[in-house]
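Protein chains in written order, with my numbering: chain A, 1 to 541; chain B, 1001 to 1318. Working notes, structure below.
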Amino acid sequence: MLHFSRVKMIAILLACLVSMMFALPNLFTKEQLASWPRFLPSKQMPLGLDLQGGAHLLLAMDTEELRREWLQTLRDDARRTLRDAKIFPTGVGIAGNQVQVRLAKPEEADAAIRELRKLIQPLGSAMLGTSGEDLTITRGGDGTILIAPSAQGLQQRVIHAAGAAIETVNRRINALGTAESTVVRQGADRILVQYPGLTDTKVLKDLLGQTAKLSFHEVHPTMTAEEARQGRVPSGYRVFAASERGDEQGVSYLLRETPVVPGENLVDAQPGFDQRTNEPIISFRFDQAGARRFGRFTQEHVGRPFAIVLDDKVLSAPVIREPILGGSGQISGSFTVETANTLAVQLRSGALPVKLTIAEERTVGPSLGADSIEAGKLASFVGAGISMIMVIVAYGTFGVFAVIGLIMNGTMVVALMSAAGTTLTLPGIAGLVLTVGMAVDSNVIIYERIREELRAGKSAVSAIDAGFTRAITTILDSQLTTLAAAIIMFWLGSGPIRGFAVTLTIGIFTSIFTAVTVTRLLIALWLRGERAKAGRIAVPI
Amino acid sequence: MRFVPHFKGYDFFPHGTHINFMRFRDICFWGSIAAIVISIGLFLGMGLNYGVDFKGGSMLEVQTKSGEAADIQAIRGKLGGLGLGDVQIQAFGTSNDVLIRIESQPGGEEAQQVAMRTVIDALGDGYVQRRVEVVGPAVSAELRRTGILAVAAAIMAIMAYVWFRFEWQFAVGTLLSLAHDVLVVVGVFAFFQLEFDLGIVAALLTILGYSVNDTVVVSDRIRENLRKYKRMDLGELLNLSINETLSRTILTGVTTIVVLIALFIFGGSVMRYFTFAMLLGVLVGTYSSIFIAAPVLEYLGVKRETVTGEKAAASARS
Chain A
1 MLHFSRVKMI AILLACLVSM MFALPNLFTK EQLASWPRFL PSKQMPLGLD
51 LQGGAHLLLA MDTEELRREW LQTLRDDARR TLRDAKIFPT GVGIAGNQVQ
101 VRLAKPEEAD AAIRELRKLI QPLGSAMLGT SGEDLTITRG GDGTILIAPS
151 AQGLQQRVIH AAGAAIETVN RRINALGTAE STVVRQGADR ILVQYPGLTD
201 TKVLKDLLGQ TAKLSFHEVH PTMTAEEARQ GRVPSGYRVF AASERGDEQG
251 VSYLLRETPV VPGENLVDAQ PGFDQRTNEP IISFRFDQAG ARRFGRFTQE
301 HVGRPFAIVL DDKVLSAPVI REPILGGSGQ ISGSFTVETA NTLAVQLRSG
351 ALPVKLTIAE ERTVGPSLGA DSIEAGKLAS FVGAGISMIM VIVAYGTFGV
401 FAVIGLIMNG TMVVALMSAA GTTLTLPGIA GLVLTVGMAV DSNVIIYERI
451 REELRAGKSA VSAIDAGFTR AITTILDSQL TTLAAAIIMF WLGSGPIRGF
501 AVTLTIGIFT SIFTAVTVTR LLIALWLRGE RAKAGRIAVP I
Chain B
1001 MRFVPHFKGY DFFPHGTHIN FMRFRDICFW GSIAAIVISI GLFLGMGLNY
1051 GVDFKGGSML EVQTKSGEAA DIQAIRGKLG GLGLGDVQIQ AFGTSNDVLI
1101 RIESQPGGEE AQQVAMRTVI DALGDGYVQR RVEVVGPAVS AELRRTGILA
1151 VAAAIMAIMA YVWFRFEWQF AVGTLLSLAH DVLVVVGVFA FFQLEFDLGI
1201 VAALLTILGY SVNDTVVVSD RIRENLRKYK RMDLGELLNL SINETLSRTI
1251 LTGVTTIVVL IALFIFGGSV MRYFTFAMLL GVLVGTYSSI FIAAPVLEYL
1301 GVKRETVTGE KAAASARS
């Protein structure tokens, strides 16, 4: 146990040296590091939002809305498909979680099912051996056909929507500035936004709180919303309420459901001011296809109103005075400078596929973060300092060796975290401090064992040897059980628990290494020196 | 190694002690069972004072901009009439720091955000936000579920490991002592109505790690002594093993406690409950490995043939 080959010795020393190099940048400021020579590692431990201050927002997608929208699309598609095939059902509607088609002639059922099956899209990939379909089409009772979305189909839609939402969220956040924000998916239907250095999250929340689906609709030429509500809403039309922020609150409009130009055709939106009224407005520009369609529509509808709809609410319904052929225009709607800015950013970055709600928010101000760092530093130094003094008092010279091992342990944890880019959080600091406390345990187990062997009358060399040999199984057993707890913390835990688990896990590995390797090497070297001297070796423990 | 001064350490602890731990076996065993029952009773009867993580709702820490002491009465006046249900306002950390808690609002995720906005607007310009935590009902339910799952899974994983490395009797002792540690800490938190949040769950998991660490060190020695003294009475042997490892139990315990006290005093107010739970857990954990895990072995009995036979052969091979 006490013999080290030259190669092994060099390897251990090298490991220590390398970790010191990787840990070193954390002692300097970012500015100082910038002037370092290239070949030196200059990565610092990234600080968690609780230490540097910032906002953590967990956004949840409204999957219910996604399902509802899908059913609506399915209903429209089914209607159109059957019409194209010259099959005329008496009704196509949404019933619960499926679309119900009621046929006029039951004998057409087979033909109808054949047509409707065209709507089915395959899922998964043949290469991966996964397959399935996004819809199931079955025959219901008394001449009906049921189209039901499958669970996997919905799941895939959620995944696609999440991907699209992340892109949009990213674009909107980037408009805020150049902070190192991250946007990642969490689970199937959640998006985690981390934005360092932001204290008041109002702007951020406003930006993300709106789907911002903009579209331009034709207003029903003769019928008003009131009349439609009392009688029957004509097919293809729908009643839309006016936006709360517009002038005409409480008013509703009867609009054609399919927009003249959907929001996807928008290429640019900028906040500005109306030249006459000096009111904040948003000027926008369509792409070519949008411009062409909008131009044709305005040409044909001069003198009639059209509606600008944002998230299913009518922003304004101006009257077309002359054809708008240039593909650009402006929206007014009682904006403030602030809301005009926000909406312009939202329009530029595209609509969110689904509404996002904030499921969790954790924001830490920079002052609290700085206080936490200071408190963490102080606690670490005091805690580690006292435990080191205790070890030296209890174990003398060997205690000094143990302390060198402990310092090396701390250095290695910091080095590994810096190199791997593992975030240091406030609970992480607690984990770090606790690791030091628990690393002491390995040394205590070894040294108490050596003392026992010495009391049993063994010679210095064999007592030390036996101490290490016997203690190692105990150390491994005790540390591996702690590791089990740490891994479960990481697996099941969220946020703060994870940060703690990560440092604890790294600390367990490094503490085993330093206690049984670094300290052992020091003792072996010491023993070599003692053997060179004449006389009996007295163990300073 | 010439630069290292030669000096002997101070051996704090008397060695070769013969404290008869097994004499307290029955008192401790039933005492521990009573502690477990009382803790469960407290947990069920009084319930835990869950933080926003588990209960949902919002928490806001603000500091006066002027640096003067915060006027809690004035804040109470401003926020009392907002119709947000239970709004708790308390001093926190320094005198210019205030912690405001708003209970979970009916109406899902968005209602929490609206409530938080209302409070921030009502507070006005005199305060700067230090910390905002808003947890919606979906997330809090999830955190509750995974929190319980994490503690249960950790106990199971540790038990499986001990079973694998030792005998099933050791695993039973470990399970009992771990359950004891967790439940007693939970009981204390219920009794004093201390805030129970995610951090405390992390503390519970660490306590499990620490406690099993202690148990394993003692168990290791018991196993070793079972091989060494084949004819010794089991109670005597357990006593001997506990006594032999006593110095390490105390020294490690004291170092860990010292580190935790440093964290408690200097670690800032955010982590105070966490460190308190840890402190409590280290004390309880040390107790349980001596007075629960070991005595259970005497109740259950350990078959020496298996311990001395198979495992000895296994260790001889390695």
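Built from N, CA and C at the ideal position, the CB exists for glycine as well. Being a predicted model, the structure only gives us computed values, none of them experimental.
At a cut-off of 7 Å between beta carbons, tyrosine 395 of chain A contacts chain B. With respect to the C-alpha of phenylalanine 1291 of chain B, the residue from B/Thr1094, B/Val1258, B/Gly1235 having the closest C-alpha is B/Gly1235.
Selection B/Phe1274, B/Leu1279, B/Ser1219 evaluated against glutamate 1298 of chain B yields B/Ser1219 as nearest (Cα-Cα). With a cutoff of 7 Å on beta-carbon distance, alanine 291 of chain A and glycine 327 of chain A are scored as near each other. Here the region 1253-1270 of chain B does not lie against the region 1176-1187 of chain B, with fewer than 3 beta-carbon pairs under 8 Å apart. Just so you know, the alpha carbons of valine 539 of chain A and methionine 388 of chain A end up roughly 20 Å apart. Residue pairing for methionine 61 of chain A: DSSP places it in a beta bridge opposite A/Leu356. For methionine 1059 of chain B, the three-state secondary structure derived from DSSP is strand.
Glycine 399 of chain A is a Cβ neighbour of glycine 1009 of chain B, given a cutoff of 7 Å.
The beta carbons of alanine 344 of chain A and proline 271 of chain A sit closer together than 7 Å.
Against chain B, the beta carbon of leucine 434 of chain A has neighbours under 9 Å at Thr1206, Tyr1210, Thr1256, Val1259, Leu1260, Leu1263, Met1278, listed in chain order. Chain A has no Cβ within less than 7 Å of the Cβ of threonine 1064 of chain B.
Sorting B/Leu1175, B/Gly1085, B/Phe1266, B/Ser1140 by C-alpha distance to the C-alpha of threonine 481 of chain A places B/Leu1175 at the top. Partner residues in the beta bridge of glutamate 133 of chain A, as assigned by DSSP, are A/Pro122. Take serine 511 of chain A, set aside five residues on each side of it, and the residues of its chain with a beta-carbon closer than 8 Å to its own are Asn409, Thr435, Met438, Ala439, Ser442, Gln479, in chain order.
Non-local beta-carbon contacts of glutamine 52 of chain A in its own chain, meaning distances under 6 Å to residues more than five positions away in sequence, involve Pro196, Gly369 in chain order. DSSP lists A/Arg285 as the beta-bridge partner residues of serine 328 of chain A. Taking C-beta atoms under 8 Å as the contact rule, arginine 1117 of chain B and glutamate 1061 of chain B fail to qualify, at a distance of about 16 Å. Secondary structure of glutamate 69 of chain A (DSSP, three-state): helix.
The beta carbon of leucine 1198 of chain B is closer than 6 Å to those of Asp1053 in its chain, skipping five residues each way along the sequence. Under the three-pair Cβ rule at 8 Å, the region 415-427 of chain A counts as touching the region 22-35 of chain A.
Note on the region 204-234 of chain A: whole alpha helix (DSSP H) runs with a minimum of 4 residues are 225-230, in chain order. Taking a C-beta distance under 7 Å as the contact criterion, alanine 524 of chain A and leucine 57 of chain A do not qualify as a contact pair.
With a threshold of 7 Å between beta carbons, threonine 1249 of chain B makes no contact with chain A.
DSSP, read as helix, strand or coil, puts glutamine 1193 of chain B in coil.
The beta carbons of threonine 168 of chain A and lysine 355 of chain A sit no closer together than 7 Å.
The closest CA to that of glycine 141 of chain A, considering only A/Ala151, A/Pro221, A/Leu103, A/Ile159, is found on A/Leu103. In this structure, serine 349 of chain A sits near arginine 172 of chain A, with a CB-CB distance shorter than 7 Å. For tyrosine 1127 of chain B, the enclosing beta strand (DSSP E) begins and ends at 1127-1135. Cβ contact annotation for valine 1201 of chain B (same chain, cutoff 8 Å, sequence separation greater than five): Gly1147, Ala1150, Val1151, in chain order.
In the displayed model, threonine 363 of chain A falls within a strand according to three-state DSSP. Cβ-Cβ separation between valine 251 of chain A and arginine 304 of chain A: approximately 17 Å, too far for a contact (criterion under 8 Å). A direct Cα-to-Cα measurement between tryptophan 1030 of chain B and isoleucine 497 of chain A gives close to 34 Å. In terms of Cβ geometry, glycine 365 of chain A and glutamine 1129 of chain B form a close pair [threshold 7 Å].
Beta bridge pairing from DSSP links asparagine 1049 of chain B with B/Glu1195. Judged by DSSP secondary structure, glutamine 1088 of chain B falls within the beta strand (DSSP E) whose first and last residues are 1087-1091.
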